[in-house]
Amino acid sequence: MSRVNTELCYQIVKEYYGEIVANVASFLIRSKSSSLGVIVQRTCYDSKQVKQALLTLIKQNIVTFSQTKSGSIEYTAKPEAILWILRFPNYIHCAKTLFGDAAELLVEELLLQGQTDLGSAVVKTTNKLNESLRSSGSNLPEISQSLIRDKAVLLVKARLIRRCEDVILGKSGQFGVAVSEVTEPEQLFLLPTAIDFETSPGLKRPASDNMESKAKRIKLEAGEANEQEENKVHKSQGPGYWRVNVYQFHHHFRDQVIIAAVAKNIDQRASEVMRTMLRLSETRSNPLSLESEPLSFTEISNAMPKDKILQKNMLDQYLKCLSDNCYNFVTKVGESGGGLYQINIFKAIKAICVSHIETIVLERFGSKALRMFRVLLTDKQVEQKQVEERAMLPPKEAKELLYKMFAENFITLTELSKTPDHAPTRTFYFFNVSLIQVSRMILERCYQAISNMMVRRQKCLSENKRLLDKQDRVEAIIASLDAEGAIEQKEEVEQMVTPSEKAQLKKISDAAKTLELSEIQLDQTIFILETYLSYTLHPPEVKK
Numbered sequence: 001m002s003r004v005n006t007e008l009c010y011q012i013v014k015e016y017y018g019e020i021v022a023n024v025a026s027f028l029i030r031s032k033s034s035s036l037g038v039i040v041q042r043t044c045y046d047s048k049q050v051k052q053a054l055l056t057l058i059k060q061n062i063v064t065f066s067q068t069k070s071g072s073i074e075y076t077a078k079p080e081a082i083l084w085i086l087r088f089p090n091y092i093h094c095a096k097t098l099f100g101d102a103a104e105l106l107v108e109e110l111l112l113q114g115q116t117d118l119g120s121a122v123v124k125t126t127n128k129l130n131e132s133l134r135s136s137g138s139n140l141p142e143i144s145q146s147l148i149r150d151k152a153v154l155l156v157k158a159r160l161i162r163r164c165e166d167v168i169l170g171k172s173g174q175f176g177v178a179v180s181e182v183t184e185p186e187q188l189f190l191l192p193t194a195i196d197f198e199t200s201p202g203l204k205r206p207a208s209d210n211m212e213s214k215a216k217r218i219k220l221e222a223g224e225a226n227e228q229e230e231n232k233v234h235k236s237q238g239p240g241y242w243r244v245n246v247y248q249f250h251h252h253f254r255d256q257v258i259i260a261a262v263a264k265n266i267d268q269r270a271s272e273v274m275r276t277m278l279r280l281s282e283t284r285s286n287p288l289s290l291e292s293e294p295l296s297f298t299e300i301s302n303a304m305p306k307d308k309i310l311q312k313n314m315l316d317q318y319l320k321c322l323s324d325n326c327y328n329f330v331t332k333v334g335e336s337g338g339g340l341y342q343i344n345i346f347k348a349i350k351a352i353c354v355s356h357i358e359t360i361v362l363e364r365f366g367s368k369a370l371r372m373f374r375v376l377l378t379d380k381q382v383e384q385k386q387v388e389e390r391a392m393l394p395p396k397e398a399k400e401l402l403y404k405m406f407a408e409n410f411i412t413l414t415e416l417s418k419t420p421d422h423a424p425t426r427t428f429y430f431f432n433v434s435l436i437q438v439s440r441m442i443l444e445r446c447y448q449a450i451s452n453m454m455v456r457r458q459k460c461l462s463e464n465k466r467l468l469d470k471q472d473r474v475e476a477i478i479a480s481l482d483a484e485g486a487i488e489q490k491e492e493v494e495q496m497v498t499p500s501e502k503a504q505l506k507k508i509s510d511a512a513k514t515l516e517l518s519e520i521q522l523d524q525t526i527f528i529l530e531t532y533l534s535y536t537l538h539p540p541e542v543k544k
């Protein structure tokens, strides 16, 4: 990981969980994996503090642990899980958009707790909703826990929340030594039962002796069978633990980005056609695949929403537009069923990523530089004179912009020499654009920008801490007076904050909101760049 990325992870963990937890997480990120003794030695904290920090990080799905061959326990940090904390508002808003307020509060509770039993999350969500109903003064009846349980089941069906992996306990049955590997992912999305909605009193209880399982026999390469030692693996009784499935949220965000791009390039009806195709392919295709499974024209037509049904000839025209005029987001792969169409997920993500990079080039270097950048994107390897001619720019101005972009690593240079001595007069120089390199560079700058904004926001709040504390005390007094109905005393308390202090508080609030909104918007760019790089650098295996 880069220094910028490590620093951003430190800032995020420090803001949410404190300095000690942040230092332990930062050390684990730098060292990849370490044992408890090494962490205590290198971080200069006592064993109790480090254990508490690791407990927090494990509960928040930031750190995992496993047992080595020597029997020691090693802890490993997941930096991407720290960066996902910036995306929590988007997860909560997505749950509210799809399933309503109850789902929003349920997802929020699971995100705050990291891992928790479903019964406790349901109880807390029900209490929050009923408190908001009472505070609003409405005469609506209180919400029952059964309604929240139904919402929880819907979230599991939508794969937005899932079960946590079980913890393998040691021989004593008191301490976990590793997280069990799930051979069948579908087990994580089994619908919750009545036991899952029970509130857990504390740690998972070990199973009784008759629930212990023996290690299975394994077959060696030579065909001989060798029985392993009978290691006692304790299973859990009672309610299990649940967490938010961020990957499903990311798939939803990816689909929303593609739909928004189609709406921008064509129109709203075309975006509805794309939305229908993505919904149909969601259950048929691997979410990580570069292309969706083929969909027939008849299936797409029948699956369109009732209020947005298109005539067959109009639907056919929109599918042609998606194939020809929208960066080949859709490809026609057959004629059966009125025509078979396939969504090109990777091409869509690449086109959206290029669009974001072009916007950055436009804002940083101007429209003339953008023309040159697009020439290099289209023609791959181009000489300087050819760039000037195809971008239709004067040689002096084109040369200045070209080398300015080269100095800031937006374009790269390739040398092709006729002779081994690489003499300039006998060497060709080709300019080109490496999307992977540019995406990584912009991603690092985005990380740096978010880190700077967090530091700036924290400094703004720390400098005005006394004034903010005074506001909190005044609001607490006013709230208690409202409950007692003392109107006269309330007016006196409100005057404790002077007009100049109110103006300063408004200025602080506006600055903090602007910085928070900027972080959320910048995270959208980070998500698109990370998605493109994940598809490019770690493509899924192609089925043979």
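Per UniProt numbering, the very first residue in the sequence shown carries number 1; after that it's consecutive. We treat Cβ as the ideally placed atom computed from N, Cα and C, and that holds for glycine. Given the structure is predicted, the values throughout are model-derived calculations rather than measurements.
Neighbourhood of residue i by C-beta distance below 8 angstroms, restricted to the same chain and skipping five residues each side
| i | result |
| --- | --- |
| residue 587 | As displayed, the chain neither begins before 1 nor continues past 544, which places residue 587 out of reach and without an answer. |
| alanine 121 | Leu106, Glu109, Leu110, Gln113, Ala152 and Trp242 |
| glycine 366 | Leu401 |
Residues of its chain near residue i, where Cβ-Cβ distance is below 7 angstroms and the 5 sequence neighbours each way are ignored
| i | result |
| --- | --- |
| proline 89 | Ile520 |
| valine 474 | Val493, Met496 and Val497 |
| leucine 118 | Ala152, Pro192, Asp196, Phe197, Pro239 and Trp242 |
| glutamate 501 | Leu467 |
| alanine 77 | Ala25, Leu28, Ile29, Ile62 and Val63 |
| serine 518 | Met453 |
Residue i - DSSP class collapsed to helix/strand/coil
| i | result |
| --- | --- |
| serine 434 | coil |
| aspartate 101 | helix |
| arginine 159 | coil |
| threonine 276 | helix |
| phenylalanine 253 | helix |
| phenylalanine 428 | strand |
| leucine 310 | coil |
| serine 292 | coil |
| tyrosine 16 | helix |
| residue 559 | Because residue 559 is not part of the residues shown, which for the chain are 1 to 544, the question remains open. |
| glutamine 187 | helix |
| serine 451 | helix |
| tyrosine 247 | helix |
| serine 281 | helix |
| valine 182 | coil |
| leucine 340 | strand |
| arginine 3 | helix |
Beta-carbon gap between residue i and residue j smaller than 7 angstroms
| i | j | result |
| --- | --- | --- |
| isoleucine 58 | isoleucine 12 | no |
| isoleucine 343 | methionine 277 | yes |
| arginine 149 | glycine 240 | no |
| residue 545 | isoleucine 168 | Because residue 545 is not part of the residues shown, which for the chain are 1 to 544, the question remains open. |
| threonine 531 | arginine 87 | no |
| methionine 372 | alanine 391 | yes |
| leucine 340 | serine 285 | no |
| cysteine 94 | phenylalanine 249 | yes |
| serine 292 | serine 281 | yes |
| lysine 312 | serine 323 | no |
Residue nearest to residue i in terms of C-alpha spacing, selected from the options
| i | options | result |
| --- | --- | --- |
| glutamine 381 | Asn432, Gly334, Ile352 and Lys124 | Asn432 |
| serine 289 | Ala503, Gln187, Lys264 and Ala348 | Ala348 |
| threonine 412 | Val21, Phe27 and Leu377 | Leu377 |
| lysine 513 | Lys69, Ile436 and Arg456 | Arg456 |
| threonine 116 | Glu181, Phe329, Glu165 and Gly334 | Glu165 |
| valine 438 | Tyr429, Glu186, Lys48 and Ala407 | Ala407 |
| threonine 283 | His252, Lys128 and Lys264 | His252 |
| glutamine 145 | Thr183, Val182, Ala102 and Val179 | Ala102 |
| glycine 37 | Asp46, Val330 and Pro394 | Asp46 |
| threonine 298 | Ile73, Val273 and Phe329 | Val273 |
| aspartate 472 | Met441, Leu505, Gln458 and Leu55 | Leu505 |
Residue i: first and last residue of the uninterrupted beta strand (DSSP E) it sits in
| i | result |
| --- | --- |
| phenylalanine 65 | 63-67 |
| serine 33 | 33-35 |
| arginine 243 | 241-244 |
| alanine 178 | 176-179 |
| leucine 413 | 412-417 |
First through last residue of the alpha helix (DSSP H) which encompasses residue i
| i | result |
| --- | --- |
| serine 518 | 499-537 |
| lysine 350 | 345-365 |
| leucine 129 | 118-136 |
| isoleucine 478 | 465-484 |
| alanine 423 | Run containing alanine 423: none; DSSP gives neither H nor E here. |
| leucine 54 | 47-59 |
| glutamate 488 | 487-494 |
Same chain only: Cβ atoms within 6 angstroms of residue i, ignoring 5 sequence neighbours per side
| i | result |
| --- | --- |
| asparagine 210 | Legend: pLDDT at asparagine 210 = 36, less than 50; position of this residue unreliable, value from coordinates given subsequently. Excluding positions up to five away in sequence, the list is empty. |
| asparagine 5 | Tyr447 |
| serine 26 | Tyr10 |
| isoleucine 526 | Cys446 |
Residue i at chain B interface by Cβ criterion, 7 angstroms
| i | result |
| --- | --- |
| leucine 322 | Looking for chain B here will not work: only one protein chain is present. |
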